[in-house]
Amino acid sequence: MRRVAFAGLCLALAILFAGLGIWQVERRAWKLDLIAKVEGRVHAAPSTLPPRDEWQGDNAYRRVRVTGTFLHDRETLVQALTALGGGWWVLTPLQTQDGIILVNRGYVPDDRRDRATRQAALPTGPVTVTGLMRDPEPGGGFLRSNDPAADRWFSRDVAAIARARQLGATAPFFIDADDTPNTGGYPVGGLTVISFRNNHLSYAVTWFALALLSVAGAVMVLRSGRRR
16 MRRVAFAGLC
26 LALAILFAGL
36 GIWQVERRAW
46 KLDLIAKVEG
56 RVHAAPSTLP
66 PRDEWQGDNA
76 YRRVRVTGTF
86 LHDRETLVQA
96 LTALGGGWWV
106 LTPLQTQDGI
116 ILVNRGYVPD
126 DRRDRATRQA
136 ALPTGPVTVT
146 GLMRDPEPGG
156 GFLRSNDPAA
166 DRWFSRDVAA
176 IARARQLGAT
186 APFFIDADDT
196 PNTGGYPVGG
206 LTVISFRNNH
216 LSYAVTWFAL
226 ALLSVAGAVM
236 VLRSGRRR
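For the sequence shown, position 93 (counting from the first letter as 1) is numbered 108 according to the working numbering, and the numbering increases by one without interruption.
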């Protein structure tokens, strides 16, 4: 009876492992579709913003062009680690005909953190921004929570920044500006990192291998019992 029970356990595990393998195959198909969709959006010609009633939809990495006026006195600096080194993202509200949209104008190092050090890059009239729509990053960074009261920001949390800067109704996304140079060299845009981990195939192979081993274990136990 013990052998039968052990064989039953092995078969139950085989079913579980096979199910996990199938799930990883499905996840891989979803991830490949996501990567293809994002690649298509990133390299597409810039378009106008989608209608307001679609702002809460799936717009991540959509390439857009928008015109408005920057509210430089309400910019927010968010800690950044980029290909150019550590520093800060400069998030500036853009007043548009559709409302206020936060724009990540790009990276500045510590010595350009003070807005007075980059006066040449503070346009006062209408500007046109081209960039990628990005989903907000609520909460903070890894093991570091945003602290609005102390004006410490570790992630681009649109809602929290809008409250802290008293911006009122603000679009539920931000725009990563492209690499169009700013006067004076800073901020540096176009540093969006687009990377999706896709280890689902290796995970699927592992789960299916465990399923086969479990079936083999059940067969061996049952055969051993028959010989005896």
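Yeah, the Cβ is synthetic: ideal placement off N, Cα and C, and Gly gets one too.
Per DSSP, reduced to three states, the secondary structure at D162 is strand. For the region 174 to 212, there is no continuous alpha helix (DSSP H) assignment of 4+ residues that stays within its boundaries. Here the C-alpha atom of V203 lies approximately 14 Å from the C-alpha atom of T107. In this chain, the beta strand (DSSP E) harbouring A95 covers 91 to 97.
Residue pairing by DSSP places V53 opposite no residue, since no beta bridge is assigned to it. For L86, the three-state secondary structure derived from DSSP is coil. When the alpha-carbon of D162 is set against those of P151, E152, A175, D125, the nearest one is in A175. For L35, the CB contacts under 6 Å within the same chain, skipping 5 residues up- and downstream, are W222 in chain order.
Taking each of L158, G23, A226, I209 in turn and checking the Cα distance to G55, the smallest one comes out for I209. In terms of Cα proximity to A29, the closest of G156, S239, V234 is V234. For W104, the enclosing beta strand (DSSP E) covers residues 100 to 111. Measuring C-alpha to C-alpha distances from L216 to each of T198, L47, D113, A51 identifies L47 as the nearest. At a Cβ-Cβ threshold of 7 Å, F21 and V230 do not count as neighbours. In the DSSP assignment, T143 falls within the unbroken beta strand (DSSP E) covering 142 to 149.
With a threshold of 16 other beta carbon atoms within 10 Å, L99 falls short and is exposed.
Taking each of L117, Q134, S170, L137 in turn and checking the Cα distance to A184, the smallest one comes out for L117. Taking 8 Å as the upper bound for CB-CB distance, F189 and N119 are in contact here, some 6 Å apart.
Look at R80 here: in three-state DSSP terms it is strand. Between the region 72 to 91 and the region 130 to 149, the count of C-beta pairs closer than 8 Å reaches three or more; the two stretches touch.
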